[in-house]
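Chains as they are written, first to last, in the numbering used here: chain A, 1 to 390; chain B, 1 to 356. Glycine included, each C-beta is placed from N, C-alpha and C at the ideal position. These numbers come from a predicted model, not from an experiment. Following: one structure in structure tokens, then a few remarks.
Right, dumping it as structure tokens:
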């Protein structure tokens, strides 16, 4: 069986890749994590895990020994995106790895791609969000490394990756429960989504597909669906009607504190930093962050009686939700043999199953068969598990 | 009182070192020995405890150096051997949780304490949290009526700065149940007594669990669920629903509880104080301590017990009882439902988990 290292194995995509490739016996998986604390998900299996920071070439070289392919699934900020490419590539080369599969993003085409966009479309240097520019730079850096090096490079460009542990799934559920969910223009825009299992199928195919070296592939679900289609089942499972979720318009061109805060929230960097401070201070800081999230900003005085603030779309969400173009996976189908293995309806069901597993207050009629930890028991306990989640 | 700190990893650095410094400043004790086979562990603690010598193993740390109390804060697979060695070398022991990796190890530790006549305490520090004490008083007193059901959900993305891979080893009491669940199960045993029935499921598939669920049933029809995770963010709350009210505790609030009373419309979020009196008039006295004070109180209790001035709050018998509950969980183990897995994955997961 092919030995495959997954660097970033505790992340949302990395952990599902480890799980699926291992449980289906598709590869001998070697999870690589940046420190021992990041082992929790991979350690559920009896696997040959390694600890190596993706910026530490020497440690990585050791971790990648005897692997045929390395999957780069490291997520993070600009420094992480750009700072882990050369070390991973160099380590792979020294370790004798044949191919590197890199998880880029459809965001290299922008959140609202022009009709007709595909892998052949030129990547613009003028991007609405810094993340897009970082991913473009990363792809170009990998191209340079490939030209000078021996390790093959296959780039995957997934769109919105949803499903278990995805921020797209969990954050919308969090926002619904907290009363701050919204859709942009009724959620009528095309969602360029890919269920995480379908992305893992593409990763699996990219491990050894001939003719893929040096190529980039858009990866999406088979179906065309809107943001409302993606959100509606989650809302229903949590007892909300999507019609009752506010639809907002976006004031173009503004990147304000809300965008910056949302970006920080989604990186979870705040929570990581908070984990380093003493427990009592941490509790206070969480309360402050939650209050900030809940209220937007502090009321100026006790006489202010305004209700909860109207939801505001982040720039990223506004751009994503007005997309009118379904990015094609035709090249992935042609070269990799990519066929999404999970249909959209099933993907939504599995995502809801995960929400329930994670403790969200999923209504009994949507609940999966959880075996002995029965939904009836959870119902008897009321909303304790999820109603007050941050 | 001369103290040896055995095991100088994350818990020693984060919690024991500041607590021991606080007690040194009160002249309650003095740290005389630091013990860890890995010099990375002892290097910076030497600056914190300049009176301490450094040793690589527990016998060298304690033998002939006048150590009265050994705090065993090493990985759990070392607890039994180090605790028994320390007891036999003449020291009392405060052993971190979980007390041991198996019930048999725990029994050997209890036997060694009995043979040597030394104090053996277990570091289930949550019994020292004012909120935990208040919850126990409220539930036992029946002031909220009869308990009907409870739900405890604890954990989230694993962030503990682990230095040992033992947290993830099957043969070393790795996994979320023995790591975090032992606290929850100990508090429940303290508050509610021994459960009649324990059902347990987790997601270990050849390794150690990141998610687990314990369902408990008690005489009188009380039922409850404990959900633990190193994977998904949990509310980190305990909820107790009684016939005449409810009680909710956020586990990071050492000195606060939330309370609802029967048909009183408002709920209460209470910061806990001692009760004082002005003549016949009760009033709020000093606030109860937070997490740090509770951790210090744990060590102070052991010191007082060694000096014969107080009873142990968490005895070796309590630690052993928590090991027995962990064992009951493992014996009733089933694979937790993971509804996102495909059929082939699920079949393989069942096979790897070694359960039905």
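Would you give the residue range spanned by the alpha helix (DSSP H) that residue i belongs to?
i	result
residue 61(B)	58-62
residue 232(B)	Premise fails: residue 232(B) is in no alpha helix (DSSP H) and is neither H nor E.
residue 102(A)	Taken as a continuous stretch (DSSP letters only), residue 102(A) belongs to no alpha helix (DSSP H), being part of the beta strand (DSSP E) at 99-103.
residue 78(B)	76-88
residue 5(B)	Premise fails: residue 5(B) lies in the beta strand (DSSP E), 2-6, not in any alpha helix (DSSP H).
residue 298(B)	291-306
residue 352(B)	343-353
residue 83(A)	78-83
residue 357(B)	Only positions 1 to 356 of chain B appear in the structure, and residue 357(B) is not among them; the question remains open.
residue 137(A)	130-148
residue 18(B)	17-25
residue 273(B)	Careful: residue 273(B) lies outside any alpha helix (DSSP H), inside the beta strand (DSSP E) at 273-278.
Residues of chain B with a CB under 8 Å from the CB of residue i: which are they?
i	result
residue 14(A)	Within 8 Å Cβ-Cβ: nothing; residue 14(A) doesn't reach chain B, min ~13 Å.
residue 163(A)	340
Taking residue i as part of the beta strand (DSSP E), name the residues at either end of that continuous run.
i	result
residue 211(B)	211-217
residue 152(B)	147-155
residue 382(B)	Given that chain B is displayed from residue 1 to residue 356, the structure contains no residue 382(B) and the question cannot be resolved.
Going by DSSP, which residues form a beta bridge with residue i?
i	result
residue 267(B)	260(B)
residue 68(B)	Residue 68(B) pairs with nothing; no bridge assigned.
residue 249(B)	238(B)
residue 356(A)	Partner(s): none; residue 356(A) has no beta bridge.
residue 205(B)	45(A)
residue 200(B)	214(B) and 333(B)
residue 191(A)	The partner list for residue 191(A) (beta bridge, DSSP) is empty, contrary to what the question assumes.
residue 217(A)	156(A)
Taking the C-alpha atoms as reference points, what is the distance between residue i and residue j?
i	j	result
residue 299(B)	residue 251(B)	21 Å
residue 174(A)	residue 78(B)	41 Å
residue 313(A)	residue 213(A)	39 Å
residue 291(B)	residue 124(B)	13 Å
residue 11(A)	residue 28(B)	46 Å
residue 175(B)	residue 185(B)	15 Å
residue 86(A)	residue 79(A)	12 Å
residue 142(B)	residue 342(A)	52 Å
residue 107(B)	residue 81(B)	12 Å
residue 30(A)	residue 49(A)	5 Å
residue 328(B)	residue 198(B)	7 Å
residue 72(A)	residue 111(A)	22 Å
residue 230(A)	residue 195(B)	43 Å
residue 277(B)	residue 283(B)	6 Å
residue 145(B)	residue 138(B)	9 Å
residue 23(B)	residue 275(B)	26 Å
residue 391(A)	residue 74(A)	The question about residue 391(A) has no answer here: the residues shown for chain A are numbered 1 through 390.
residue 138(A)	residue 131(A)	10 Å
residue 253(B)	residue 362(A)	27 Å
residue 222(A)	residue 190(A)	13 Å
residue 32(B)	residue 303(B)	15 Å
residue 201(B)	residue 210(B)	11 Å
residue 215(B)	residue 107(A)	44 Å
residue 301(B)	residue 135(B)	20 Å
residue 140(A)	residue 327(A)	21 Å
Check the Cβ of residue i against every Cβ in chain A and list those closer than 7 Å, keeping chain order.
i	result
residue 408(B)	Outside the displayed range of chain B (1 to 356) lies residue 408(B), so it cannot be described from this structure.
residue 349(B)	23
residue 168(B)	39 and 43
residue 145(B)	Within chain A, no residue comes near residue 145(B); the closest Cβ sits about 16 Å away, beyond 7 Å.
Could you list which residues in chain B have their beta carbon closer than 7 Å to that of residue i, in chain order?
i	result
residue 20(A)	345
residue 27(A)	In chain order: nothing, as chain B lies at least about 13 Å away.
Give a yes or no on whether 8 Å exceeds the smallest Cβ distance from residue i to chain D.
i	result
residue 54(A)	Within the model displayed, chain D is absent; protein chains A and B are what it includes.
Just the chain A side, please: which residues come within less than 8 Å of residue i by C-beta, in chain order?
i	result
residue 210(B)	40, 41, 43 and 44
residue 260(B)	What residue 260(B) touches in chain A: nothing, since even the nearest Cβ is about 12 Å away.
Which residues in chain B sit within 9 Å of residue i, going by Cβ to Cβ distance?
i	result
residue 357(A)	211, 232, 336, 337, 338, 339 and 340
Starting from the beta carbon of residue i, find every residue of chain A whose beta carbon is closer than 9 Å, and list them in chain order.
i	result
residue 203(B)	44
residue 267(B)	In chain order: nothing, as chain A lies at least about 12 Å away.
Handout entry: chain B contacts from the region 36-49 of chain A (Cβ-Cβ distance under 9 Å)
Key = Cβ contacts with chain B: 36, 37, 38, 39, 40, 41, 42, 43, 44, 45, 46, 47 and 49.
Exercise for the section: Select from the region 334-355 of chain A all residues with a C-beta closer than 9 Å to any C-beta belonging to chain B, and list them in chain order. Expected result: Those would be 341, 342, 349, 350, 351, 352, 353 and 354, in chain order.
Exercise for the section: Using a Cβ-Cβ cut-off of less than 8 Å, give me the residues of the region 153-164 of chain B that come near chain A, in sequence order. Expected result: Answer set for the region 153-164 of chain B: 153, 157, 158, 159, 160, 161, 162, 163 and 164.
Problem - Positions along the region 229-251 of chain A whose CB lies within less than 7 Å of some CB in chain B - result: Contact residues of the region 229-251 of chain A toward chain B are absent (C-beta to C-beta distance below 7 Å).
Handout entry: Short-range partners of chain A found in the region 48-75 of chain B, where Cβ spacing is below 8 Å
Key = Within the region 48-75 of chain B, contact with chain A at the beta-carbon level (separation under 8 Å) is assigned to no residue.
Handout entry: Cβ-based contacts, 9 Å cut-off: residues of the region 178-198 of chain B near chain A
Key = Those residues of the region 178-198 of chain B that come within reach of chain A (Cβ to Cβ, closer than 9 Å) do not exist; the list is empty.
Problem - Residues of the region 52-76 of chain A with Cβ closer than 9 Å to any Cβ of chain B, in chain order - result: Across the region 52-76 of chain A, no CB contact with chain B closer than 9 Å is found for any residue.
Exercise for the section: Could you please tell me which residues of the region 99-132 of chain B, in chain order, have their CB closer than 9 Å to any CB of chain A? Expected result: Answer set for the region 99-132 of chain B: empty.
Handout entry: Positions along the region 19-47 of chain B whose CB lies within less than 9 Å of some CB in chain A
Key = Hits within the stretch: zero.
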